[in-house]
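Residue numbering for the sequence shown follows this note's numbering, beginning at 65 and increasing consecutively.
Scroll down for the structure; my scribbles are underneath it.
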Amino acid sequence: MFESLQDSLGSAIKTLRGKGKLTEANMRDGLRLVQQGLLEADVSLAVVKEFMARVTEQAVGERVLKLLDPSQQVIKIVYDELVNLMGPVDHSLHLTPEVTVLMLCGLQGSGKTTTCGKLGRLIRQRGRNPLLVAADLQRPAAIEQLSVIGGQLELPVYTETGADNPVAVCQNAVRHAKQIGADVAILDTAGRLHIDDELMAQLSRIDRRVEPGQIYLVVDAMTGQDAVNSAKAFNEALELDGVIMTKLDGDARGGAALSVKAVTGVPIKFIGTGEHLDALEEFHPDRMAGRILGMGDVLSLVEQARQKLDQEEMAKQEARLRKGQFTLDDFQKMLGQTTKLGPMNKVMSLIPGASELAKMAGDADMDKDMRRLVGIIDSMTADEKRNPSRVIDQSRRRRIAAGAGVEPHEVNELVKQFDGIADTMKRMAGMGMRDRMRTMQQLSSGGALGTDGRLTKQKKATGKRLSPKERAKARKLREKETRRLKRDKQRNSAVK
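Written out as structure tokens, the structure is:
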């Protein structure tokens, strides 16, 4: 998500940083790269022009050019304007004590039916009792699909076999909701492959007869400017209250997310970040702007950790760490918890500065590396997990390697580096969440796990150790990365 835009804006900022002295001329050159990045990300031309006019007005002036580090100020200006472009957003669903009707609309293929289930799950988490309503009578498979989703989430689903009047179905569903004690009815209405008069007329009739409290348009971020155009058409017909943008975990260039609010005046309320039914998040313009500029999104990561991780197990691990206890068994449980947050490249994108580390890894599969580590630990006895350095000798290494399907030197590498990991984890026991994220970032950038998160980073592809000259070169690269992280920290402070 937004990778091309991140690269383009990052290149523009690096260009500005590389100038010995910033003038109005080279500042405009840097801003031209920002504009090019936005256009390549499929942001609406009109939106880009208005955005760049505001940024240029603030960036090109004596006050900015005379600063000690003008590029930091430019980052802050771009950040603020990105937040203004996408926000503000009211995340309230405006639920009332009576049955509140939420109407979802959108084109076919946008993920509307799945989003209906995701939204129902989120509403239940907020303490309400939702009813999913299968009002898409154009596509019979949609009714079955919603019934399956409802069964997976243990949410009631209202359907009418053989019905051909979606307005009557919606009206009956609201009455049914009152009867079963549901206080929110979520209507999954019909879609089309493209916008047509018949679709809009049908949705308008549902709007007039049922009077939904909120109308949300579900759009596919992968369709780029088509998503913006469809949002504009739906808003003119129905007066939307918000947009739910799906498939932002794919190869979306991000232009639709940046354009939809400016073009329609309707904010993005939620974003779909995966196929699983828990992959629906509130859309926060400030956090998204931070991701686009490579600053990470620690708050979203913390929220996901609270929702997805086993809090009881985390409390037990915390207590053990405070006592100075951290074994390979604890490390294995920690890896298991981490995988619940999603793919490692997604988790890394939320840690400030870590997106660059993920790029440094190239095609390396960090999730595969984690599975290999777990396999090695699984092949150990309880005593070997507790005291790996003292207990594991050559014969045990061979046995563990055979059980895990790896080479003995990989087992040896894990044992050697585990001591450093254990020390780091014990230090983190008394830290707050932000300090822990910073420590993990430093750990990934050249500490115990190496710059690409792999234990095999300090070996050549042949399995041989690096020469002294190569180790010195690797050390210089780590020092360079440390300096860059320090600059990123200063940049984050400037934005705050």
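We put the CB at the ideal spot given by N, CA and C, even for glycine.
All values derive from a computational prediction rather than experimental measurement.
query, result
"Within the chosen definition, does the stretch 240 to 258 reach the stretch 189 to 205 through at least 3 CB pairs nearer than 8 Å?", "yes"
"Can we say the stretch 289 to 308 touches the stretch 260 to 279, given the rule of at least three CB pairs closer than 8 Å?", "yes"
"Is the Cβ-Cβ distance between Leu399 and Val282 less than 8 Å?", "no"
"Could you spell out the range, first to last residue, of the beta strand (DSSP E) harbouring Gly306?", "306 to 310"
"Can you pull the DSSP bridge partners for Glu346?", "Phe334"
"Can you tell which of Phe390, Gly467, Leu263, Val112 has the C-alpha that lies nearest to the C-alpha of Gly484?", "Phe390"
"Could you check what DSSP says for Asp393 in three-state terms: helix, strand or coil?", "helix"
"Among Ile456, Ala468, Arg462, which one has its Cα closest to the Cα of Met434?", "Ala468"
"Please work out which residues of its chain come closer than 8 Å, Cβ to Cβ, to Val238, disregarding the five sequence neighbours upstream and downstream, and give them in chain order.", "Val163, Val165, Ala249, Val274"
"Taking CB distances under 8 Å as the criterion, tell me whether Leu304 reaches chain C.", "This model lacks chain C altogether, as it is built from one protein chain only."
"For Asp393, tell me which candidate among Ile441, Arg454, Ile356 has the shortest Cα-Cα distance.", "Ile441"
"Cutting at 6 Å between CB atoms, please list the residues of its own chain near Leu263, excluding the five before and the five after it.", "Arg256"
"Do Gln396 and Val565 count as a contact pair if the criterion is CB distance below 8 Å?", "For the chain, the structure presents residues 65 to 560; residue 565 sits outside this window and is missing."
"Does the stretch 227 to 244 come close enough to the stretch 168 to 178 to have 3 or more Cβ pairs within less than 8 Å?", "no"
"Taking a contact to mean a Cβ-Cβ separation below 8 Å, would you say Ala486 touches Val475 in this structure?", "no"
"In chain order, what residues of the same chain lie with their CB nearer than 7 Å to the CB of Gly527, ignoring the 5 residues before and after it?", "Below a pLDDT of 50, predicted positions are generally treated as unreliable, and Gly527, at 41, falls in that range; the measurement from the model is reported next regardless. The residues are Glu471, His473."
"Between which two residues does the beta strand (DSSP E) containing Gln278 stretch?", "278 to 284"
"In terms of residues, what are the limits of the beta strand (DSSP E) holding Thr164?", "164 to 169"
"The beta strand (DSSP E) that contains Val197, what's its start and end?", "194 to 199"
"What first and last residue would you give for the beta strand (DSSP E) that runs through Asp457?", "Note, Asp457: premise wrong, no beta strand (DSSP E); not H, not E."
"If distances are taken between C-alpha atoms only, which option among Gly184, Pro276, Gly101 comes closest to Gly214?", "Gly184"
"Please report the straight-line C-alpha distance between Leu171 and Leu201, rounded to a whole angstrom.", "14 Å"
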